[in-house]
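**Q** In UniProt numbering, the protein residues as written are 1 to 194.
Positions of the beta carbon are idealized from the N, C-alpha and C atoms, including for glycine.
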């Protein structure tokens with residue numbers, strides 16, 4: 001709709017969109033003629049989808065931004081054999097938020113909807129940076145992260161990977177663990193097949 005403006009006795013200008021105001025219609029009686037503009041607007045706009053903002057001598061009436069429900073990313077940090085890595089650090093690059101994985105390697109982060117980069121690290125393992133992690137409103141995103149041992153503990157290596165590749169690598173490492181194999185060798189309770 002067309003932007004509109006109205007002036008008050010005090011010289012304050014009120015700017016609004018006709019279309020925005022048409023969504024709300026209610027009758028309010030203000031009993032106090034000497035009420036301050038801010039108090040009057042708060043009373044008028046209470047229980048509506050509208051807000052007001054003050055800029056110098058201008059008051060702008062517009063819609064309140066929608067409250068976004070956070071989404072969650074959760075999963076497990078594991079080694080190349082699918083074993084959990086307790087105490088691994090999971091850091092969100094954009095926010096600086098960092099947590100550690102639990103004793104079973106699991107982690108969970110709540111984030112506002114958006115696209116993020118996670119950095120997952122553990123002592124004597126290569127740090128993994130996961131890009132293009134999309135968090136949707138109110139949704140759970142599963143991400144198991146498989147870390148590889150570092151060849152040289154003195155040189156820090158950061159491996160970058162997209163969300164899709166990292167989730168496939170994590171799933172593969174978990175499946176190997178569940179099947180009890182590590183690159184063709186038995187991990188536990190191997191019996192001679194004679």
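Between the C-alpha atoms of residue 133 and residue 139, what's the straight-line distance to the nearest angstrom?
**A** Approximately 13 angstroms, taken between the alpha carbons.
**Q** Please list the terminal residues of the continuous beta strand (DSSP E) segment that includes residue 117.
**A** It spans 114-121 - the beta strand (DSSP E) in which residue 117 sits, taken as one unbroken run.
**Q** DSSP three-state call for residue 11: helix, strand or coil?
**A** Coil at residue 11, not helix or strand.
**Q** Name the DSSP beta bridge partners of residue 146, please?
**A** Answer by DSSP bridge pairing, in chain order: 78.
**Q** Taking DSSP's pairing of strands, which residues face residue 98 in a bridge?
**A** Answer is 91, bridged to residue 98.
**Q** Using a Cβ distance threshold of 8 angstroms, determine whether the stretch 118-131 contacts the stretch 83-93, with at least three qualifying pairs required.
**A** The stretch 118-131, when compared against the stretch 83-93, does touch it at the 8 angstroms Cβ threshold.
**Q** Within a Cβ cutoff of 6 angstroms, which residues of the same chain sit near residue 183, ignoring the five residues on either side of it in sequence?
**A** Confidence at residue 183 is low in this model, with a pLDDT of 45, below 50, so its placement is unreliable and the value that follows should be read with caution. Excluding sequence neighbours, residue 183 sits near nothing in its chain.
**Q** Residue 73: buried (16+ other C-beta within 10 angstroms of its C-beta) or exposed?
**A** With 16 or more other Cβ atoms within 10 Å, it is buried.
**Q** Tell me the DSSP secondary structure of residue 111 in three-state form.
**A** Here residue 111 sits in strand by DSSP.
**Q** Which first and last residues belong to the alpha helix (DSSP H) in which residue 85 is found?
**A** Element bounds for residue 85: n/a, residue is neither H nor E.
**Q** If distances are taken between C-alpha atoms only, which option among 149, 148, 142 comes closest to residue 76?
**A** Measuring from the Cα of residue 76, the nearest candidate turns out to be 142.
**Q** Name, in chain order, the residues that DSSP records as bridge partners for residue 63.
**A** Per DSSP, 50.
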